[in-house]
């Protein structure tokens, strides 16, 4: 991505000049520097992670961050709430589990097939329910997620029912992905990829159209933006990302239950987006990290996790309605002036 | 035939509690435009508080009354502390706030009253009444009768009292209501307290039949929401019709089609309704402000 914005260098320009030009190129620092910092931090992190437990925590954060970024495109940029996104995650997870276990498909094929199925499902759903607004959309997506959970729980011959089912290892390019240390780079690369992709999407004409949508759908339509088509595409995109993450997580964990698709998980994802900051990619990363760490951080307040979780939600919405990262960024900017 | 009658009885019983829950949703939606995702927790809280109080020796009628008062107070506190400060927030934020409130209520109940499920004694014995080859629990009669009384009471409240009319006016047009002197803040507070009390009544009524536990609120609330959407958000008649119909369809499906997919019925139904007739059976339909 950095190549794209490198100014053309002529003949004998020294590397310092190029670097200086790069660093002062308009928008470079604000747009690319954080991504590079993220990549460096993720690459360096294994040197300080003491054991498999910490790797597991890191992987959970990475996976949730990717999910939150994809969901934020829908919630933050399109202004469309989904309270059933874990349903797509669950479909991806179970799609991979069922196809590899009962049909002997290879894991990558199962992943692709599950993602494709979810894509089609999401497209059909989007055509129908994205006409709805506000509470009606919340209700429809919520219902969808719950139906997925109920089907996964009841079709025990395929899914193992409420007790869940085990999932085999994933082999990619002859490499067997197993254990936290092997999975860590996979999820780390996915997160960097997701951040870059989302940043580019947000800055693209399509992205600006999305922001217009969030401002006012009617206004966006008036200036000639095909709002329905945009909403549909973003909905499908975020659903497919959720499905892919579901597949990967299923292989990583090696065991899944219908809880992966639960309403609770959907709420958790929305919370990451909203607490971190709607329409803020870094907010989603932050929100995912915070909410993934919360159960561990709150472990000593035994029993009070749910209460504290709820208090954080309510307090954030009341005091930092734009979410933590955008609100704090605004504060810093005002201080700087 | 007797099976049908049996299903009809239990459908009406469940439907009555859904109707109470749906009325709570509609009431808050009307007064504030908020969908209160914590409504289910009010139902759960009502049942739990009453169960804990009777278990500690309080006579049943007193425990029931106390539970309703406690939950109504919780409703008022929720409105004051969580909803009022966020008056200008958008729909997504308010949905999140009410979800946060529901977690707080659920968590506090989990910590203070335990994870186990609790039951309330039946109000007037457990001897089933035989009727047309089917049996009917006395508690079912309580559920239906109390629901009917509550609905009648609400009709009087909204039709005859100043405060009730004020709530209706606010639902219709907040600014206009404010202009003619309706205290909109008071309306909001009242509707939250009333909705919470309605939830508690439903929770107390159903607790003897279906046991209750700290995590029972989610499904009860969601079904109330489905019933409200089904009947038409914001419509009182719609909430009652939606609740009763939902209860009937759900039990009929459980009886004749598949009991394991019983819980999926409301959600499939609401998807169909939203696609075919988003305003619900009796609703006025969503309108969009530019």
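Chains as they are written, first to last, in this note's numbering: chain A, 50 to 386; chain B, 596 to 885.
Even glycine gets a Cβ: it sits at the ideal position worked out from N, Cα and C.
Would residue 845 of chain B be called buried (16 or more neighbouring beta carbons within 10 Å of its own) or exposed?
buried
Report the option in B:789, B:644, B:620 and B:794 whose CA atom is closest to the CA atom of residue 714 of chain B.
Considering only alpha carbons, the answer is B:644.
For residue 804 of chain B, does the three-state DSSP call read helix, strand or coil?
coil
Can you check which of these residues, B:876, B:875, B:877 and B:868, is closest to residue 177 of chain A by C-alpha distance?
B:868
Could you check whether residue 790 of chain B and residue 663 of chain B sit closer than 7 Å to each other, using their CB atoms as the reference points?
no
Spell out whether any CB of chain A is found under 7 Å from the CB atom of residue 858 of chain B.
yes
Identify every run of the alpha helix (DSSP H) within the region 327-363 of chain A, keeping only runs that are complete inside it and at least 4 residues long; order them along the chain.
Counting only runs of at least 4 residues, the region 327-363 of chain A fully encloses the following alpha helix (DSSP H) elements, listed from N- to C-terminal order: 330-346.
Listed from N- to C-terminal order along the chain, which residues in the region 626-650 of chain B have their beta-carbon within a distance smaller than 7 Å of any beta-carbon of chain A?
630
What does residue 695 of chain B touch in chain A if you count any residue whose Cβ is under 9 Å from its own?
320, 358, 359, 360, 361, 362, 363, 364, 365 and 366
Should residue 371 of chain A be labelled buried (16 or more other beta-carbon atoms within 10 Å of its own) or exposed?
buried
Report the partner residues of residue 713 of chain B according to the DSSP bridge assignment.
B:807
Are there 16 or more other CB atoms within 10 angstroms of the CB of residue 158 of chain A, so buried, or fewer, so exposed?
exposed
Any Cβ of chain B within less than 7 Å of the Cβ of residue 323 of chain A?
yes
Where does the unbroken alpha helix (DSSP H) through residue 915 of chain B begin, and where does it stop?
Residue coverage of chain B in this structure runs from 596 to 885, which leaves residue 915 of chain B outside it and unanswerable.
Is the shortest distance between the beta-carbon of residue 698 of chain B and the beta-carbons of chain A less than 7 Å?
yes
Quick check: the region 847-857 of chain B against the region 809-817 of chain B, are at least 3 beta-carbon pairs closer than 8 Å?
no
What did DSSP end up calling residue 795 of chain B once you bin it into helix, strand or coil?
Three-state result, residue 795 of chain B: helix.
Could you give the residue range of the alpha helix (DSSP H) that holds residue 760 of chain B?
757-767
Compare the C-alpha of residue 842 of chain B against each of B:779, B:735 and B:755 and name the closest.
B:735
Got a sec, what are the start and stop residues for the beta strand (DSSP E) residue 164 of chain A sits in?
Taken as a continuous stretch (DSSP letters only), residue 164 of chain A belongs to no beta strand (DSSP E), being part of the alpha helix (DSSP H) at 156-178.
With DSSP as the reference, identify every bridge partner of residue 225 of chain A, one or two as the case may be.
For residue 225 of chain A, which the question treats as bridged, DSSP gives the partners A:220.
Going by C-alpha to C-alpha distance, which of A:337, A:173 and A:194 sits closest to residue 140 of chain A?
A:194
What first and last residue would you give for the beta strand (DSSP E) that runs through residue 724 of chain B?
724-726
List the residues of chain A that residue 677 of chain B touches, going by C-beta distances under 9 Å, in chain order.
Residues of chain A with a Cβ closer than 9 Å to the Cβ of residue 677 of chain B are, in chain order, 363, 366 and 367.
Is the distance from the Cβ of residue 316 of chain A to the Cβ of residue 689 of chain B below 7 Å?
Not closer than 7 Å, so no.
Note down the Cα distance separating residue 698 of chain B from residue 640 of chain B, rounded to an integer number of angstroms.
12 Å
Report the rounded CA-to-CA distance for residue 871 of chain B versus residue 88 of chain A, giving the unit in angstroms.
48 Å
Would residue 192 of chain A pass as an interface residue toward chain B - the criterion being a Cβ-Cβ separation below 7 Å?
yes
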